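Engineer: The structure follows.
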Amino acid sequence: MQLDVNDLAVRDLYQWMTRLITPRPIAWVSTVSIDGVANLAPFSFFNGVGANPPTLMFCPANRRDGSPKDTLANIRRTGHFVVNLVTESLTASMNQTAAELDPDDDEFVIADVEKMESTWVASPRVADAAAALECELHSVVTLGTGPGGANLVIGRILGIHVDDRVVADDGFPDPALLDTIGRMGGNGYVRTTDRFEVKRPAPKR
Numbered sequence: 031m032q033l034d035v036n037d038l039a040v041r042d043l044y045q046w047m048t049r050l051i052t053p054r055p056i057a058w059v060s061t062v063s064i065d066g067v068a069n070l071a072p073f074s075f076f077n078g079v080g081a082n083p084p085t086l087m088f089c090p091a092n093r094r095d096g097s098p099k100d101t102l103a104n105i106r107r108t109g110h111f112v113v114n115l116v117t118e119s120l121t122a123s124m125n126q127t128a129a130e131l132d133p134d135d136d137e138f139v140i141a142d143v144e145k146m147e148s149t150w151v152a153s154p155r156v157a158d159a160a161a162a163l164e165c166e167l168h169s170v171v172t173l174g175t176g177p178g179g180a181n182l183v184i185g186r187i188l189g190i191h192v193d194d195r196v197v198a199d200d201g202f203p204d205p206a207l208l209d210t211i212g213r214m215g216g217n218g219y220v221r222t223t224d225r226f227e228v229k230r231p232a233p234k235r
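Structure, rendered in structure tokens:
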């Protein structure tokens, strides 16, 4: 089977991409509006970019009417956000915050998620998250316009919060204790409890 993406509707192309690009980590992004209303929403087009400088990215698509989602609108206006990691125990709460709500609705309240004051930015963070990365906006790249139009948000990480309970003896997070989940296609998710290791090739001398 071969597919020419120019022949596909945006919704169909989204299905193809999300069912092939798997598993995807989930950025549970918390922001605050200029009026002080907190927002919390999950995005699975998300990943780290590099450590020098410490940078990450996620991609909020436009709403069905072509307008930007509250997360993107808040980030553009305030210049900051927090990426909270989603562990299995938070799956139901995360899923609740995926609904499209009015800008005046606080997803923390609606999904009964406890918020906590951040250290480096004004956006709140998820109190029960095993880890959270506070970020300032580096740039927004508009990749598409209209319904489903993609926007690439690049953030510089200012500080990291990690629950001591997920830190291993070597001083770094232990994947077995962190227990993050990943997004598959459709309504599917994946646990990260089944892992294996592969040694990297030795460097050439």
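Numbering (the working numbering) for the sequence shown: 31 to 235.
Here a beta-carbon is modelled for each residue, glycine too, at the ideal position from N, C-alpha and C.
Treat the numbers as computed from the prediction; the structure is a model and nothing was measured.
(1) Of the choices Thr-149, Met-146, Phe-75, Asp-158, whose alpha-carbon is the least far from that of Ser-123?
(2) To the nearest angstrom, report how far apart Leu-86 and Gly-176 are at their CA atoms.
(3) Runs of 4 residues minimum, wholly inside the stretch 79–132: which ones carry the alpha helix (DSSP H) assignment?
(4) Output needed for Ser-148: all residues of its chain with C-beta closer than 7 Å, excluding positions within five of it in sequence on either side, in chain order.
(5) Please tell me whether Phe-75 and Val-183 are closer than 7 Å, where the distance is taken between their beta carbons.
(6) What is the C-beta distance between Pro-53 and Val-220, in whole angstroms, given that I count them as a contact (C-beta under 8 Å)?
(7) Helix, strand or coil for Pro-55? Go by DSSP, reduced to three states.
(8) Applying the criterion that 16 or more other CB atoms from any shown protein chain within 10 Å of the CB defines a buried residue, is Ala-162 buried or exposed?
(9) Return the residue from the list Gln-32, Asn-125, Met-31, Ile-105 that minimises the CA-CA distance to Val-67.
(10) Quick one: using the 10 Å Cβ neighbour count with 16 as the cut-off for buried, is Trp-46 buried or exposed?
(11) Under a three-way DSSP split, which group does Phe-202 fall into?
(12) Does Glu-227 come out as helix, strand or coil in the three-state DSSP assignment?
(13) When the distance is taken between beta carbons, is Ala-71 closer than 7 Å to Thr-48?
(14) Assign Met-146 to one of three DSSP states: helix, strand, or coil.
(15) Do Gly-179 and Asn-92 have their CB atoms nearer than 7 Å?
(16) With Leu-43 as the anchor, note down where its alpha helix (DSSP H) starts and where it stops.
(17) Classify Ala-57 as buried or exposed, calling it buried when 16 or more other Cβ atoms lie within 10 Å of its own Cβ.
(18) Give the DSSP bridge partners of Ala-160, in chain order.
Structural biologist: Reading from the atomic positions:
(1) Asp-158
(2) 25 Å
(3) 100–108, 121–126
(4) Val-112, Pro-154, Arg-155, Glu-164
(5) no
(6) 5 Å
(7) strand
(8) buried
(9) Ile-105
(10) exposed
(11) coil
(12) coil
(13) no
(14) strand
(15) yes
(16) 40–50
(17) buried
(18) In DSSP, Ala-160 forms no bridge with anything.
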